[in-house]
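Going letter by letter, the sequence shown gives residues 16 to 248 in this note's numbering.
See structure below.
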Amino acid sequence: MKFNKSKCLIMHMTHKRNPTITKYLMGNVELQVVKHHPYLGVELSSDLSWAKHVAQPANSANKILGLLKRNLWNCPQSTKEIAYKTLVRPKLEYASAVWDPYRGIHKDALEKVQRRAARFVKNDYSYTSSVNNMMVDLKWDKLETRRNKARLVNIYKESHGISPSTNALHPFVTSMHKTRTSHELNYIIPQAKKDCYKYSLHPRTIPQWNNLPAELKSAPSVLAFKQLLENHI
Numbered sequence: 016m017k018f019n020k021s022k023c024l025i026m027h028m029t030h031k032r033n034p035t036i037t038k039y040l041m042g043n044v045e046l047q048v049v050k051h052h053p054y055l056g057v058e059l060s061s062d063l064s065w066a067k068h069v070a071q072p073a074n075s076a077n078k079i080l081g082l083l084k085r086n087l088w089n090c091p092q093s094t095k096e097i098a099y100k101t102l103v104r105p106k107l108e109y110a111s112a113v114w115d116p117y118r119g120i121h122k123d124a125l126e127k128v129q130r131r132a133a134r135f136v137k138n139d140y141s142y143t144s145s146v147n148n149m150m151v152d153l154k155w156d157k158l159e160t161r162r163n164k165a166r167l168v169n170i171y172k173e174s175h176g177i178s179p180s181t182n183a184l185h186p187f188v189t190s191m192h193k194t195r196t197s198h199e200l201n202y203i204i205p206q207a208k209k210d211c212y213k214y215s216l217h218p219r220t221i222p223q224w225n226n227l228p229a230e231l232k233s234a235p236s237v238l239a240f241k242q243l244l245e246n247h248i
């Protein structure tokens, strides 16, 4: 296998104030060190922060929303809503189970896009109108709620062998831990000191998963789980 040396980069992921920076050579070419770089559509940063990534889908979604406003301004509400759900919202939710933000400033940056979209779909730009009421009328969940559901669906898929599981899921129930409220699909909550791990998929979602009713965790299919989850949350 041959590598294109000009496209090979180095990223040191650390929280140290004075990290040890090591130079790497490929052949006789020194590889460039970067602070952030996209991987499969997700912007990875050397400080393990998602701030850089959150800004990108928000900006991209805003541009597409602006395009829709200019071209679909006279279309029916149903057409505008389909356009938003097809072209804009996927930009805000791609791989969100991985980078789901926990800081308010990043959550707001994403929610603002959907709030602008609600005004566009309802064709109501009045300062006295309530965007919250528009979203209730449209039956749109907040993006934060949708990301929360997506993370729980991810755990369901791992638990039932539908998607590859990592070593982060350790069953909590053993012969020594069984109680009336225990369940074979409950997991030990990973201990985390750093926010970058504390708010990652498993440490953040397992407590919510463990608190779900047993019938949700044992749902016969992903579709059934989603339907039960919709009624539960």
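Glycine included, each C-beta is placed from N, C-alpha and C at the ideal position.
Residue state for Q206 is assigned as coil, using DSSP reduced to three classes.
Boundaries of the beta strand (DSSP E) around L59: V57 to S60. When the beta-carbon positions are compared, K137 and L153 come within less than 9 Å of each other. DSSP, read as helix, strand or coil, puts V49 in coil. Taken through DSSP and simplified to helix, strand or coil, M150 comes out as helix.
Boundaries of the alpha helix (DSSP H) harbouring T160: L158 to S174, taken from the DSSP string. In the DSSP secondary-structure assignment, Y54 is bridged to V57. By the Cβ rule, the region 39 to 49 does not count as touching the region 87 to 100, because fewer than three pairs are nearer than 8 Å. Here the alpha carbons of S21 and T35 stand approximately 23 Å from one another. Following the DSSP letters along the chain, one finds V69 inside the alpha helix (DSSP H) bounded by residues A66 to N86. Apart from sequence neighbours up to five positions away, the residues of its chain that approach I170 with a beta-carbon distance below 6 Å are T220 and W224, ordered along the chain.
The residues I204, in chain order, have a CB closer than 7 Å to that of P222 in the same chain once the five nearest residues on each side in sequence are set aside. For I248, the secondary structure class from DSSP, reduced to helix, strand or coil, is coil. For the pair L125 and P116, the CB atoms are nearer than the 9 Å cut-off. Pairing K213 with H30 gives a Cβ-Cβ distance that is not under 9 Å.
Distance check between K232 and each of K84, K172, L216 and A132 places K172 closest, using alpha-carbon atoms only.
Taking a contact as a CB-CB distance under 8 Å, the pair K100 and L87 does not count as one, their CB atoms being some 13 Å apart. Around V57, the same chain offers H68, A110, V113 and W114 as residues with beta carbons nearer than 7 Å, after the five sequence neighbours per side are excluded. Taking the C-beta atoms as reference points, R162 is found nearer than 9 Å to E108. Secondary structure note for V128: its alpha helix (DSSP H) is the uninterrupted segment G119 to K137.
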